[in-house]
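Chains as they are written, first to last, in our numbering: chain A, 1 to 247; chain B, 1001 to 1201. Cβ atoms here follow ideal geometry from the backbone N, Cα and C, with glycine treated the same way. Below is one structure, written out as structure tokens, with a few remarks after it.
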């Protein structure tokens, strides 16, 4: 990344108070991936861009600085903020938590930026939540270099068959279980072929396939998230009305 | 370089305050020692007492040295209305308006999954218990108009869904004495979407 960047498309992933009236921001930039920067005086009443520096607001930021933490020199909004409410807002926060937990700072991720933007726009629309979240999770795994092979058995290389059962090993893939294998019913990481196919097509026709897709991406992501749990999931679990947590 | 470790220690101690750098810390320390030793003694006594005795109110979680804070124990307060705020500073701000006569609940923050702040850290369960005990009729959610504040507000409203009470959110929009021309687009669009019919009675 150069010492000066002008009007770079970016979103804020996270912000925290810094010193007296400044903010320490975690940007997701189109050309530079995650970038940390300080916005001086952004919390004071006089700040011009206090209302712009919000998560889910498409921004054009100008940054300068040589070190790892840059200084914000200018902020403009490119379009109106993406309005998310309720469950969709929690989903947006979940995306932000995933990105901050899994991406390294200052590594270019242009493809994922587009996917992130698409996911936010889809969240603000009428798209089904599961579909949007699974699509983004798969894109994120792909970007990290750990895309799940949803097409073939990782041992025999045969295509996934709808009626067979498969054991999922994160980072390796699906391995077919023999029909009489008694592990099948007990383990949380055994999936039906057609559920794997529905995740591939991102078409979920029933609750089982939605649940299975959620578990597959969850297992795959857990391998990279380490021991610390994702806190945004708790928001869904506590949402009283929601019997089918999406994350 | 100062030769007195005590003075240096004092200067260093002042630097824990927000917005106080080495230069201001030095000015404060020397001022107290040179010109106002009595003020310094008072400051140190008040500071020590406050740090040792101030804790959280067992009902509303605001800062107080009492078991139950003055607002929660005041008989003139309407316990049927509860206002949820993010910090004790918000309680002071609302008290200064002089228009609110209900009680408060202080979350001491907002939901922020990345920082690991979830419902447990905000004491949501304690809040729900308080609501049920008091027989609250209205909950006013006065979280900040940021995305995180909005998420917190929505989460609380969701928890209160099945209770027979009114849940309201404070309005956000154009400040009193403001000029539309100088107001940012986000605030203005909020003000527009949150408009209300004029009361001509």
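CB contact below 9 Å: residue i versus chain A
| i | result |
| --- | --- |
| residue 1018(B) | yes |
| residue 997(B) | Residue 997(B) lies beyond the range of chain B shown here (1001 to 1201); nothing can be said about it. |
| residue 1146(B) | yes |
| residue 1058(B) | no |
| residue 1173(B) | no |
| residue 1155(B) | yes |
| residue 1041(B) | no |
| residue 1102(B) | no |
| residue 1189(B) | yes |
| residue 1185(B) | yes |
| residue 1112(B) | yes |
| residue 1151(B) | yes |
| residue 1159(B) | yes |
| residue 1141(B) | no |
| residue 1115(B) | yes |
| residue 1118(B) | yes |
| residue 1007(B) | no |
| residue 1124(B) | yes |
Through-space distance from residue j to residue i, alpha-carbon basis
| i | j | result |
| --- | --- | --- |
| residue 122(A) | residue 1162(B) | 30 Å |
| residue 1064(B) | residue 1106(B) | 12 Å |
| residue 53(A) | residue 1089(B) | 22 Å |
| residue 242(A) | residue 1153(B) | Reliability of the predicted coordinates at residue 242(A) is poor, the pLDDT of 48 falling under 50, and no value is obtained from them. |
| residue 1183(B) | residue 66(A) | 34 Å |
| residue 1033(B) | residue 1005(B) | 14 Å |
| residue 1052(B) | residue 1146(B) | 34 Å |
| residue 1112(B) | residue 1003(B) | 46 Å |
| residue 1079(B) | residue 1057(B) | 15 Å |
| residue 209(A) | residue 199(A) | 8 Å |
| residue 33(A) | residue 233(A) | 24 Å |
| residue 139(A) | residue 1176(B) | 46 Å |
| residue 3(A) | residue 64(A) | 5 Å |
| residue 51(A) | residue 15(A) | 13 Å |
| residue 1179(B) | residue 1114(B) | 36 Å |
| residue 87(A) | residue 217(A) | 19 Å |
| residue 1187(B) | residue 1174(B) | 7 Å |
| residue 22(A) | residue 46(A) | 12 Å |
| residue 142(A) | residue 148(A) | 8 Å |
| residue 1164(B) | residue 228(A) | 37 Å |
| residue 1018(B) | residue 20(A) | 6 Å |
| residue 1196(B) | residue 1172(B) | 12 Å |
| residue 133(A) | residue 179(A) | 32 Å |
| residue 197(A) | residue 101(A) | 28 Å |
| residue 156(A) | residue 1167(B) | 58 Å |
| residue 1103(B) | residue 1054(B) | 20 Å |
| residue 84(A) | residue 55(A) | 10 Å |
Short CB-CB distance (under 9 Å) between residue i and chain B
| i | result |
| --- | --- |
| residue 43(A) | no |
| residue 5(A) | no |
| residue 81(A) | yes |
| residue 56(A) | yes |
| residue 120(A) | no |
| residue 238(A) | yes |
| residue 76(A) | no |
| residue 21(A) | yes |
| residue 226(A) | no |
Per DSSP, the bridge partner or partners of residue i
| i | result |
| --- | --- |
| residue 27(A) | 12(A), 35(A) |
| residue 76(A) | 60(A) |
| residue 168(A) | 174(A) |
| residue 1104(B) | 1083(B) |
| residue 192(A) | 165(A) |
| residue 105(A) | 34(A) |
| residue 1138(B) | 1081(B), 1166(B) |
| residue 153(A) | 174(A) |
Assigned exposure category for residue i - 16 Cβ within 10 Å defines buried
| i | result |
| --- | --- |
| residue 220(A) | buried |
| residue 237(A) | exposed |
| residue 1099(B) | exposed |
| residue 223(A) | exposed |
| residue 1143(B) | buried |
| residue 6(A) | exposed |
| residue 1093(B) | exposed |
| residue 1036(B) | exposed |
| residue 1151(B) | buried |
| residue 91(A) | buried |
| residue 1072(B) | buried |
| residue 1101(B) | exposed |
Proximity test, residue i beta-carbon vs the ligand SAH heavy atom, cut-off 8 Å
| i | result |
| --- | --- |
| residue 1131(B) | Of ligands this structure carries none, so the ligand SAH is not represented either. |
At least three beta-carbon pairs within less than 8 Å, the segment 63 to 75 of chain A to the segment 36 to 53 of chain A = yes
May I ask you to verify whether the segment 1100 to 1115 of chain B touches the segment 1081 to 1092 of chain B, counting CB pairs closer than 8 Å and requiring at least 3?
-> yes
Touch test, the segment 21 to 30 of chain A against the segment 1118 to 1125 of chain B, Cβ-Cβ under 8 Å, three pairs minimum | no
Could you tell me whether the segment 102 to 115 of chain A touches the segment 185 to 204 of chain A, using the rule of 3 or more Cβ pairs below 8 Å?
-> no
On the three-pair Cβ rule with 8 Å, is the segment 1043 to 1056 of chain B touching the segment 1013 to 1025 of chain B?
-> no
Spell out a yes or no on whether the segment 161 to 168 of chain A and the segment 203 to 214 of chain A are touching, meaning 3 or more CB-CB pairs, one atom from each, closer than 8 Å.
-> no
Do the segment 210 to 217 of chain A and the segment 74 to 82 of chain A make contact, defined as three or more Cβ pairs closer than 8 Å?
-> no
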